[in-house]
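Its first residue numbered 55, the sequence shown is counted upward by one per residue in our numbering. Read the structure below first, then the notes.
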Amino acid sequence: MKKYILLLIFLIALSPTLPAQKAPTDANIIGHVIDEDGNHIPFATIAILGSAIGTTSDASGHFQLINLEPGTIVARAQFLGYKPKEQIIQVKLNQTLEVNFILQEDLLGLEEVVVTGDRNETNRTEATTLVNRLSPKLFKATQSITLSEGLDFCPGLRLENNCQNCGFTQVRMNGMEGRYAQILINSRPIFSGLAGVYGLELIPANMIDRVEVIRGGGSALYGSNAIAGTINIILNDPVKNTFEFGANSGVMGIGITGATPASDHSINANASLITEDSKSGLSLYGFSRWKQPFDANSDGFSELSLTQNTTFGTRLFHRFNTRSKLTADFFNIRENRRGGDQFDELPHLSGITEGVEHAVTTGAISFDQFFREKDRLSIFASGQQVIRDSYYGANQSLKDYGKTQDLAFSIGTQYNTFFKSGSLVAGLEHNGANLNDAKMGYQDLENIVINPDGSFEIPIISSRVVADQALHTTGFYAQYEHVWGRLNATAGLRYDHYTIIDHEREGSRKSGNVLSPRVTMKYDLLQYLQARISYSQGYRAPQIFDEDLHIETSGARRVSHINSPDLHQETSHSLMASLDFNHQIGKAQVGFLIEGFYTRLTDAFVNEISNPDESGVVIYRRVNADGGATVGGANLELTIVPSKKLYLKSGFTWQQSRYDEPQEFDEKRFFRTPNDYGYLMVDWKPNKKISFSTTANYTGKMLVPYFGPEAPNTKIGELRESGRFFDLGFKFGYTVVLNGSSVQFFAGLKNLFNSYQKDFDRGISRDPGYLYGPNNPRSVYAGLRFGNFLN
Numbered sequence: 055m056k057k058y059i060l061l062l063i064f065l066i067a068l069s070p071t072l073p074a075q076k077a078p079t080d081a082n083i084i085g086h087v088i089d090e091d092g093n094h095i096p097f098a099t100i101a102i103l104g105s106a107i108g109t110t111s112d113a114s115g116h117f118q119l120i121n122l123e124p125g126t127i128v129a130r131a132q133f134l135g136y137k138p139k140e141q142i143i144q145v146k147l148n149q150t151l152e153v154n155f156i157l158q159e160d161l162l163g164l165e166e167v168v169v170t171g172d173r174n175e176t177n178r179t180e181a182t183t184l185v186n187r188l189s190p191k192l193f194k195a196t197q198s199i200t201l202s203e204g205l206d207f208c209p210g211l212r213l214e215n216n217c218q219n220c221g222f223t224q225v226r227m228n229g230m231e232g233r234y235a236q237i238l239i240n241s242r243p244i245f246s247g248l249a250g251v252y253g254l255e256l257i258p259a260n261m262i263d264r265v266e267v268i269r270g271g272g273s274a275l276y277g278s279n280a281i282a283g284t285i286n287i288i289l290n291d292p293v294k295n296t297f298e299f300g301a302n303s304g305v306m307g308i309g310i311t312g313a314t315p316a317s318d319h320s321i322n323a324n325a326s327l328i329t330e331d332s333k334s335g336l337s338l339y340g341f342s343r344w345k346q347p348f349d350a351n352s353d354g355f356s357e358l359s360l361t362q363n364t365t366f367g368t369r370l371f372h373r374f375n376t377r378s379k380l381t382a383d384f385f386n387i388r389e390n391r392r393g394g395d396q397f398d399e400l401p402h403l404s405g406i407t408e409g410v411e412h413a414v415t416t417g418a419i420s421f422d423q424f425f426r427e428k429d430r431l432s433i434f435a436s437g438q439q440v441i442r443d444s445y446y447g448a449n450q451s452l453k454d455y456g457k458t459q460d461l462a463f464s465i466g467t468q469y470n471t472f473f474k475s476g477s478l479v480a481g482l483e484h485n486g487a488n489l490n491d492a493k494m495g496y497q498d499l500e501n502i503v504i505n506p507d508g509s510f511e512i513p514i515i516s517s518r519v520v521a522d523q524a525l526h527t528t529g530f531y532a533q534y535e536h537v538w539g540r541l542n543a544t545a546g547l548r549y550d551h552y553t554i555i556d557h558e559r560e561g562s563r564k565s566g567n568v569l570s571p572r573v574t575m576k577y578d579l580l581q582y583l584q585a586r587i588s589y590s591q592g593y594r595a596p597q598i599f600d601e602d603l604h605i606e607t608s609g610a611r612r613v614s615h616i617n618s619p620d621l622h623q624e625t626s627h628s629l630m631a632s633l634d635f636n637h638q639i640g641k642a643q644v645g646f647l648i649e650g651f652y653t654r655l656t657d658a659f660v661n662e663i664s665n666p667d668e669s670g671v672v673i674y675r676r677v678n679a680d681g682g683a684t685v686g687g688a689n690l691e692l693t694i695v696p697s698k699k700l701y702l703k704s705g706f707t708w709q710q711s712r713y714d715e716p717q718e719f720d721e722k723r724f725f726r727t728p729n730d731y732g733y734l735m736v737d738w739k740p741n742k743k744i745s746f747s748t749t750a751n752y753t754g755k756m757l758v759p760y761f762g763p764e765a766p767n768t769k770i771g772e773l774r775e776s777g778r779f780f781d782l783g784f785k786f787g788y789t790v791v792l793n794g795s796s797v798q799f800f801a802g803l804k805n806l807f808n809s810y811q812k813d814f815d816r817g818i819s820r821d822p823g824y825l826y827g828p829n830n831p832r833s834v835y836a837g838l839r840f841g842n843f844l845n
C-alpha cells in the first residue's frame, strides 16, 4: 500500500506549485438569471469556463462574482430544466459589470451535463455515447428511498432480488447479470464485490446528485467488469446554501390474505453551505431507516429482510485560485440486515438466519488544475473499506459465523486537452482490492468428549480463512474525439495489466494483459435527430465476485460459489446503434430513442453444480463455457412534455440471451432474464402546491430454477416459468410555503394490484433462491419534506 501512497505524492508533486493569494482586483460581475417569462431563477449556477471559479444565484435570482482576473472570460449560467447560456465578457480592473442571463427551458433534459460517457463534461446531445441520467426528481416522484429502487426507471435496467432470506439484489443491464456492470462512485471503481452484495440497497437516494447510466461496453475507459455498461453514482455537490429534512413511514403487505404486514420508516437530512466568495463549500447528508421483515405467506420465515441503516457523509471543496480546486468526500454506512425466522433470538438459535452487519467507510480526494483555455489535469485517490460480520446458517448451527474485510482503492491522474476540432483525454490509474473472508471459531457441541470420570470437554474449532485475495490492476487509457461538421467520431483504447492472488491457495496467482478498444460515431441527420453507432471490447478478470460472498441457506440445502482453478478471463465484443429524436411538436416537447444492442461473450462464465454432500452443501463452480453466449435486443424510450405541468417518460426493452451450448437443465436461455420489460412515469403539477405522480413497471415471463421440497428430485431441481407482472403506483403531494421555506406533505401507494409472486416456497427447507417478479408487495406510505429549496 505504501508504494501507492508514494505514487500519489509523486503525482501531486508534478502539479504546479499553488500560487500565493493575489491582491484584490475589484473586477466584479453582478447580475441576475431569469427565464423567458421574466421570472427570476434562484440557485442557478454561474461558472467561469476554464477555471475553478463559480457561484450561484441567491433566493431572488441575483448573483455576484468578485475580484476576478482582468481579461476575456466566458461565463456560463445553467439550471436544471433549462438550457445553459454562455456569454463572452471583457473583465476590467476596478470595474463592476452588470451581466444578465435569460435561460430557455429544456424540459427534455437534452442540455444536462454528463461526465461518464467520455470522462469529460459534455451535454447529452453532443456526447458520442448515449448517457441516461437519473435525477433526484425521478427518485422523489417514484418514492425511491435507496438507489436500488430507482434503477427500474431506466431503459435496459431491471433490479431483482435474488434471496428470499437476506435480500441480495443485483441490477441486470441489457439482460446480463449484475456482475457484468461496473458500479462507479464519482467515476471511481471502488465499489467492490463485497460492497456489491447488498450495496445497491445500502446507498440512500438523498446522498445522490444524479446517476449516469451507459449501456454497452465501457472497459475502454473503466476497465474490467464494464461489459454490460456502467452506473456512475455522482454524490451531492455543494452549490448553494440550502437545507432539507424528510421523513417517510410506510407499511408493506396491506390487504394481502395470509401476509403479515411490515412497517418501513426512514428519515433523511441534507444541508449545503457556500462561503460568500464561493471559494469553499460543504454539503452534509444523513439517513436512517428501520424496516421490519415481511412474511408473505405466514410460514414464520421472511420474504423481505429486516433492515436497519444509518448513513452520514460530507463533500467539500476549496478553490485555491481561479485555476485550481481541491475536492474531498467522506461517507460512512452502518447497516444491519437479517432474514429467516425467530428474529428475537441469536442467529444460531434460529431455524434459518442469513444476517450481516456492515460498516462501510469511503473517502476520496481529487485536485484539479486548469491550463491553457480549458485543459484540465486531475489527480485523485479514492478508497472504500467494508467490514462485514455475517451469519449464514440453519438448524441452530454454531459454525456459520463469518467475518469479511475488504479494502478497495483507486489512484491515478487524468489530463483533458482541447483542440479547435477535437479533444483528447488520457489517464493512468491503479485499482486494487484486498479481500479477507474468514469463518469464525466455535464450540463443537456435536463432538463433546466425555471422560471416564464423568467430566467432559468441548472441542474448540479455530477460526479459518476461506479466501485471502489481492487484486491489482494498472491501466492506461486514451480517447480522442474529432468533429467534422455533423459527424463526431471517438476512438479510445485502454491497456490493463491485472494480477490476482489468493494467498490461501498455492499456485493461484493469475495475471493478464488486456487491450480494450472502443470506437463511437455520432451523426446529426437533422438538428433534432442524431444517429449513433459504436463498437467496444470488454473483459472480466477471474476474480471473486459478489455472489461468492453470499451463501444461499435453508434447512436442507446450502449453496456456495467458487472459481475453478482453470477459470480464465471472459471477453466481450459489443455493437450498439441508435436513433435519438428530440423535437417540439406543437406545444409539446417530444423525445424518442430506439437503440439496438448486440454482445458476443467468449469464454463466458457459467456454473457447474455439484450434488449435495452429506451436510446438504452444494457447490456452484464457475467455469468457462464451451463456445460462448450472445445477448441482443432493443431499447425504446419515449418522453413527452406537453407543458411545464406535465411530464411523461416511458421505456421498454425486448431482448434475447442465449448460450451456444446447453447449460443447467439442458437449457441455452439465460435464467431469470425476461425477454421483455419496461416502465412508465407520469408527473403532473397543476399548480405550485399540488403534485401527482403515476409509476408502473412491467416484467415479462422468465425461467427460474427451483430446488425446494416440491421438486420431483431436490438434488437436480426443476426449471419453472414465471408469469407476467404489472406493478402500478401513485403518489400525491401538497406543498405549503412558509416564510421562504416550504413544507411538502405526500402520500402514496405502491403495487396497487399486488402483482407479486404467489408461490413462495415455505418452511425451513424452502429454496430461498426461488424468487422473481417485483421486489415489493402492495404498500402504502406517507411523509413530509421541509426545506428552503424543494424541487
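All C-beta atoms in this analysis are idealised placements derived from N, C-alpha and C, irrespective of residue type, glycine included.
Buried or exposed (CB count within 10 angstroms, at least 16 for buried), residue i
i, result
"T653", "buried"
"Q149", "exposed"
"D620", "exposed"
"G229", "buried"
"G508", "exposed"
"S114", "exposed"
"L289", "buried"
"Y549", "exposed"
"Y788", "exposed"
"S833", "buried"
"L72", "Its pLDDT being 47, under 50, L72 is placed unreliably by the model, and nothing is read from it."
"V671", "exposed"
"T329", "exposed"
"I639", "exposed"
Per-residue DSSP class, three states only, for residue i
i, result
"Y824", "coil"
"H402", "helix"
"E721", "coil"
"E203", "helix"
"F193", "helix"
"N751", "strand"
"L844", "coil"
"L161", "coil"
"Y276", "helix"
"E500", "helix"
"R832", "coil"
"E298", "strand"
Cut-off 7 angstroms between Cβ atoms - residues of its own chain near residue i, not counting five sequence neighbours on either side
i, result
"Q75", "Its pLDDT being 49, under 50, Q75 is placed unreliably in this model, and the coordinates cannot settle the point."
"Y810", "G827, P828, P831"
"H536", "S475, G476, A543"
"F510", "I502, V503, I504"
"W708", "G687, A688, N729, D730"
"R377", "S105, A106, Q423, F424"
Close beta carbons around residue i, own chain, < 6 angstroms, minus the five adjacent residues each side
i, result
"D498", "P513, I515"
"Y701", "V695, D737"
"E140", "V128, R130"
"T361", "K345, R391"
"L583", "F635"
"P401", "T407, G409, Y445"
Same chain, Cβ closer than 8 angstroms to residue i, five either side skipped, listed in chain order
i, result
"M575", "T182, L541, N542, A543, T544, R586, I587, S588"
"V305", "P315, A316, S317, D318, S833, V834, Y835"
Any non-hydrogen atom of the ligand HEM within 6 angstroms of residue i CB
i, result
"V414", "This structure lacks the ligand HEM; in fact it carries no ligand of any kind."
### Task
Please list the segments of the beta strand (DSSP E) lying wholly inside the segment 315 to 400, counting only runs of 3 or more residues, in order along the chain.
316 to 328, 334 to 345, 360 to 375, 378 to 394
### Query
Going along the chain, which unbroken runs of the beta strand (DSSP E) with 3 or more residues stay wholly within the segment 218 to 261?
223 to 227, 235 to 239
#### Entry: Three or more C-beta pairs below 8 angstroms linking the segment 638 to 655 and the segment 690 to 698
Short answer: they touch.
### Task
Tell me, please, whether the segment 813 to 823 touches the segment 754 to 768 by the rule of three or more beta-carbon pairs shorter than 8 angstroms.
yes
### Message
Would the segment 776 to 796 count as touching the segment 303 to 320 if we require 3 or more Cβ pairs under 8 angstroms?
### Response
no
### Query
Would the segment 275 to 294 and the segment 238 to 246 be scored as touching if the rule is three or more Cβ pairs under 8 angstroms?
yes
### Task
Could I get the ranges of all uninterrupted beta strand (DSSP E) runs contained in the segment 514 to 553, with 3 residues as the minimum, in chain order?
518 to 538
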